[in-house]
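J.: Protein chains in written order, with the working numbering: chain R, 6 to 220; chain Y, 4 to 251; chain H, 3 to 230. Got a structure for you, questions after.
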Amino acid sequence: MTDSHPTTLVSADALTCIREERILFDELSFDIQAGDIVQIEGPNGAGKTSLLRIIAGLSRPYAGEVLYQGDNITRCRDEFNEDLLYLGHLAGVKSELTAEENLNFSLRISGYDEFEPREILSKVNLTGFEEALAGHLSAGQHRRTALARLWHTNCRIWILDEPFTAIDKKGVEELEQLFLAHADRGGCVIMTTHQDMSKIGDDKLRKIKLDYRFV
Amino acid sequence: MWKWLHSYADPEKAYNLSSKLLPWFSLLALLFISVGTIWGLMFAPTDYQQGDSYRIIFIHVPAASMSMAAYMGMATAAFIGLVWQIKAADWVAASIAPIGAVITFIALFTGATWGKPMWGTWWVWDARLTAELVLLFLYLGVISLYASFEDKVLAARAAGILAIVGVINIPIIKYSVDWWSSLHQPSTIKITEKSSMSSEMLYPLLINIVGFGLMIGAITIVRFKSEILARNGMRPWVRALAKQEGVS
Amino acid sequence: MQRGISYTQSFFTLLQRDLRIAVRHRGDIFNPLLFFIMVVTLFPLGVGPEPQMLSRIAPGIIWVAALLASMLSLERLFKADFMDGSLEQMLLSPQPLPILVLAKVIAHWLLTGVPLILIAPLLAVLLNLEQNSYGALMATLALGTPVLSLLGAIGVALTVGLRKGGVLLSLLILPLYIPVLIFATSAIDAAGMNLNYGGQLAIIAAMLVGSLVLAPFAIGASLRVSTN
């Protein structure tokens, strides 16, 4: 890894996570460079979501720390959040608001003030549904409403928990292309998925494996 | 300060330190409380107005003053845990809460018992008793919040935040209750001014106050130790300790 | 891609969103108000309809009912956002969390506290409140209910991730409400006796300023624990 000059965006330093008296992972360390697409692998209950939430700064690890460009994320939370796009299992789409209102809100709360919501929604095939309440959309459209943010962001660190859930084949391919383009621009993607990817080959994909531990 | 604290953030070191401190706290607590109580109950002079019934202050006053001090201690520990992110400090806070609640209850109970001969009724809405009652509610809030979380590491952090919020509110609550109450008994122990109590009564009282403080410290240490073991059950050093003690 | 949203703008973005959601979900506004009215009407039935007695206890009744109504309505403050993941998005937003939290609490107060203040004089008539006390009643409610919302939100933030919220919440926050209750009712009493109640109002105002400054930080820290 010393051939070029890769910038380390996020690194995990000896992370330990304990949930309900069970050790999910112990002393886990890794670096994620600009241009990486990382898939966290492991069976259900191995702590994939916990790991993503710890990297995003939502959960505090039992021990160890997450570093953003060398600083502990709790000490540079504002800069880190400015550079972070996190989409969890539940993507924060309000069923009482329309698709457009949802996108407006999530972009504005992330700090963007000039954007064309309809144009962004058209990239996730939601043209014609801008005015529909999110509660009336299908599961896939609901998910797309959340994913639309990926098309308007300058965050380098993307943390995505099961981004392909409820998305059709074509949509998955579009997302994969987006990830590749994002990695080329110097960003990184950290995600979990149980789906196979067609565009992102094994040469592009880094895997971090978590095992289910019984102790 | 930070460096010093951090060296004890490691659960194993904190455990060993508390094992070393425990015998000192328990022995001194036993000594002070026996001396203070025996002196107070048997040798201190009888009060010319209240007769022997005043002697309950040798329990009531230490309990009342320590109930507040224990809350301060709990909030301080919680504050350290919150600011420096030291889990062990959160556990100290969580260990103090039930003890503080019991001490507060003792203060309330003895206060009511003392009130019976003095006011002719078990309960009056006197400022001190009311403030003590609110303090008990604050303790119970911390305890039940702690009990409601399944993940005890989180539980200790949540309870810690509540303790800090409570400690900011205590002076306001105390002030408002004092203001609200017209039945107000002036404080009898003042460190700077000349005391209105005879020294024969004052010394055993002060000894008992120190004794109660030490006792709270000792029980906190016992609870803190078991808290550390419970949270670190899967750690090698705890297993080694268990083997050493003959538990498998 | 411009990122030029100021703190004020993000505050109003969130405020507007919460108000819009509430308008599309009207039940949440009226239920606490109905509860407030019901509790107040129960008292004359419980203690008897004598006008002197009612006017003596009216300030206490209205204020205790307001405390309970505010606490009950607060329970839902962060619940929906917690359930659908928008709370996580707020925690990860580059905007300072205390500002976002403050916007949510103020939106909630506009929706539940203000209607309560507006209906209070009507209930005061039912309870035969002293003529002179109406001004004090409105003033204490206007200054005091935001304090209740801010303090209560701390308790709500601590319990949002728990399944059994309700009873626990009352244990956490009712003790914190005591000073507001004491000074508010005493201001109303003083007004009824034609005494100056500026002192009590000033204290409630001080509590409002204090909680406006400190509570958002406590709420933010609590939310970070709850969503862990």
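Note that the Cβ used here is the ideal one computed from N, Cα and C, for glycine as well.
1) Roughly how far, in whole angstroms, is the beta-carbon of N130/H from the beta-carbon of S57/H, given that I think they are within contact range, below 8 Å?
2) From L225/H to A60/H, what does the alpha carbon distance come to, in whole angstroms?
3) Exposed or buried, what is Y51/Y when buried is set at 16 or more other beta-carbons lying within 10 Å of its beta-carbon?
4) When we look at the beta-carbon of M6/R and count the other beta-carbons within 10 Å, is it buried (16 or more) or exposed?
5) Under 8 Å Cβ to Cβ from K209/R, same chain only, skipping five residues before and after it: list those, please.
6) Taking I28/R as the query, report the chain Y residues whose CB atoms sit under 7 Å from its CB, ordered along the chain.
7) Pick helix, strand or coil for T198/R, following the three-state DSSP scheme.
8) Chain H beta carbons: is any one of them nearer than 7 Å to that of N172/Y?
9) Taking C-alpha atoms, which residue in A51/R, V98/R, L14/R, G116/R lies nearest to T158/R?
10) By the three-class DSSP mapping on this structure, what secondary structure does T21/R have?
11) Taking the alpha-carbon positions, what's the Y136/H to G29/H distance?
12) What residues in the segment 47-69 of chain R have a beta carbon less than 9 Å from any beta carbon of chain H?
13) What are the boundary residues of the beta strand (DSSP E) that includes Y73/R?
14) Based on Cα-Cα distance, which residue from I31/H, A192/H, I205/H lies nearest to V149/H?
15) Hey, does A134/Y have any beta-carbon neighbour from chain H nearer than 7 Å?
16) Take every Cβ of the segment 169-183 of chain H, pair it with every Cβ of the segment 137-154 of chain Y, and state whether three or more of those distances are shorter than 8 Å.
17) Any beta carbon of chain Y sitting closer than 7 Å to that of L143/H?
18) If we count Cβ pairs, one from each stretch, closer than 8 Å, do we get three or more for the segment 74-90 of chain Y versus the segment 200-213 of chain Y?
19) In chain R, what lies closer than 8 Å to V156/Y by C-beta?
20) Between which two residues does the beta strand (DSSP E) harbouring W27/Y extend?
21) Which one of G206/R, G145/R, R161/R has the shortest CA to CA distance from G176/R?
22) At 9 Å on the CB atoms, spell out the chain R contacts of E153/Y, in chain order.
23) Could you pull out every residue in the same chain whose Cβ sits closer than 7 Å to the Cβ of A155/H, ignoring the five residues on either side in sequence?
24) Quick check: A109/H and D20/H, are their CB atoms within less than 7 Å of each other?
25) Check whether the segment 58-68 of chain Y touches the segment 98-114 of chain Y, taking contact to mean three or more Cβ pairs, one atom from each stretch, closer than 8 Å.
26) Mind pulling the beta strand (DSSP E) runs of 3 or more residues that sit fully within the segment 60-106 of chain Y?
27) Rounded to whole angstroms, what is the Cα-Cα separation between S151/H and S127/R?
28) Need the endpoints of the beta strand (DSSP E) that R27/R sits in, please.
29) Check the C-beta distance from A92/Y over to A221/Y and give it rounded, since I have them as a contact under 8 Å.
30) Alpha carbon to alpha carbon, what distance is there between T10/H and Q91/H?
31) Which residue marks the beginning of the beta strand (DSSP E) containing D166/R, and which one marks its end?
32) Could you tell me whether the Cβ of A161/Y comes closer than 7 Å to any Cβ of chain H?
33) Taking I195/R and I164/R to be in contact with their CB atoms under 8 Å, please state how far apart those CB atoms are, rounded to whole angstroms.
34) Locate the beta strand (DSSP E) running through K212/R, then write down its first and last residues.
35) Skipping 5 residues on each side, what residues in its chain have a beta carbon closer than 6 Å to that of G39/Y?
T.: Reading it off the structure:
1) Yes, they are in contact, since the Cβ atoms of N130/H and S57/H sit about 4 Å apart, within 8 Å.
2) Cα to Cα, L225/H sits roughly 37 Å from A60/H.
3) Classification for Y51/Y: exposed.
4) With a pLDDT of 39 at M6/R, under the threshold of 50, the modelled position of this residue cannot be trusted, and the question is left open.
5) Cβ neighbours of K209/R within its own chain (closer than 8 Å, five residues either side excluded): I42, L185, A188.
6) One finds M237 in chain Y with Cβ atoms closer than 7 Å to the Cβ of I28/R, taken in chain order.
7) The DSSP-derived three-state label of T198/R is coil.
8) Against chain H, the CB of N172/Y has a partner CB under 7 Å away; the residue lies at that interface.
9) Sorting A51/R, V98/R, L14/R, G116/R by C-alpha distance to the C-alpha of T158/R places G116/R at the top.
10) In the three-state scheme derived from DSSP, where H, G and I count as helix and E and B as strand, T21/R is classed as strand.
11) Straight through space, the alpha carbons of G29/H and Y136/H are spaced by roughly 29 Å.
12) Residues of the segment 47-69 of chain R with a C-beta atom less than 9 Å from some C-beta of chain H are R58, A61, G62, L63, S64, R65, listed in chain order.
13) Residue range 68-73 is occupied by the beta strand (DSSP E) that includes Y73/R.
14) From the listed residues I31/H, A192/H, I205/H, the smallest Cα separation to V149/H is found for I205/H.
15) With 7 Å as the cut-off, A134/Y does not count as an interface residue toward chain H.
16) With contact defined as three or more Cβ pairs closer than 8 Å, the segment 169-183 of chain H and the segment 137-154 of chain Y are in contact.
17) Not closer than 7 Å to any Cβ of chain Y, the Cβ of L143/H fails to qualify, so no.
18) The segment 74-90 of chain Y is not in contact with the segment 200-213 of chain Y.
19) For V156/Y, the neighbours in chain R by C-beta distance under 8 Å run, in chain order, I23, Y67.
20) Note, W27/Y: premise wrong, no beta strand (DSSP E); alpha helix (DSSP H) at 14-41.
21) That would be G145/R, whose Cα lies nearest to the Cα of G176/R.
22) Under the 9 Å cutoff, chain R gives E25.
23) The answer, listed in chain order, is L76, L79, V107, A217, I221.
24) Closer than 7 Å, so yes.
25) Segments in contact, yes.
26) Secondary structure remark: continuous beta strand (DSSP E) runs of at least 3 residues inside the segment 60-106 of chain Y: none found.
27) C-alpha separation (whole angstroms): 41 Å.
28) That run of the beta strand (DSSP E) goes 27-38.
29) That belief does not hold up - the Cβ atoms of A92/Y and A221/Y are roughly 19 Å apart, past 8 Å.
30) Taking the straight line from one Cα to the other gives about 18 Å.
31) D166/R -> beta strand (DSSP E) spans 162-166.
32) A161/Y counts as touching chain H.
33) Rounded to whole angstroms, the Cβ separation of I195/R and I164/R is 5 Å, and the two are in contact under 8 Å.
34) K212/R -> beta strand (DSSP E) spans 210-214.
35) The residues are P207, I210, N211, G214.
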